[in-house]
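A.B. asks: For what it's worth, this note's numbering labels the leading residue of the sequence shown as 5, then goes sequentially.
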Amino acid sequence: MEGNEFWQDAGLAVFVLLGIAAVVWIGSMIWVYRDARERGLGGIASLLVTALVGFTAWPLTVLGWVFLRPKERAHA
């Protein structure tokens, strides 16, 4: 029975980690979209940047956006 408990606990841990990763992934896409809008990218451009960050090599593209984004924020 101890082996079954181990796999149940491991399954729960994987489920929790996947949930945390999903929250971080969605949060990073929301941040990129808002940041792109604040830096003057239009609606379509900010959506394209968000899609690029969210769906291609996710952690690396977030770092890429941090380094390659426009330096100046758009003035309202």
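Every residue, glycine too, gets a C-beta built ideally from N, C-alpha and C.
Using only alpha-carbon positions, find the residue among Met33, Glu9, Phe10 and Ala14 that is nearest to Thr60.
C.D. replies: When each option's Cα is compared against that of Thr60, the closest is Met33.
A.B. asks: Is Leu45 closer than 8 Å to Val36 when the C-beta atoms are compared?
C.D. replies: The answer is no: Cβ separation not under 8 Å.
A.B. asks: Excluding sequence positions up to five away, which residues of its chain have a Cβ less than 7 Å from the Cβ of Thr65?
C.D. replies: Same-chain partners within the cutoff: Leu56 and Val57.
A.B. asks: Are the beta-carbon atoms belonging to Pro74 and Arg43 less than 8 Å from one another?
C.D. replies: Yes, these two residues count as a Cβ contact at 8 Å.
A.B. asks: From Leu51 to Asp13, what does the alpha carbon distance come to, in whole angstroms?
C.D. replies: Distance between the alpha carbons of Leu51 and Asp13 is about 39 Å.
A.B. asks: Please classify Arg41: does DSSP put it in a helix, a strand, or coil?
C.D. replies: Of the three classes helix, strand and coil, the one that applies to Arg41 here is helix, per DSSP.
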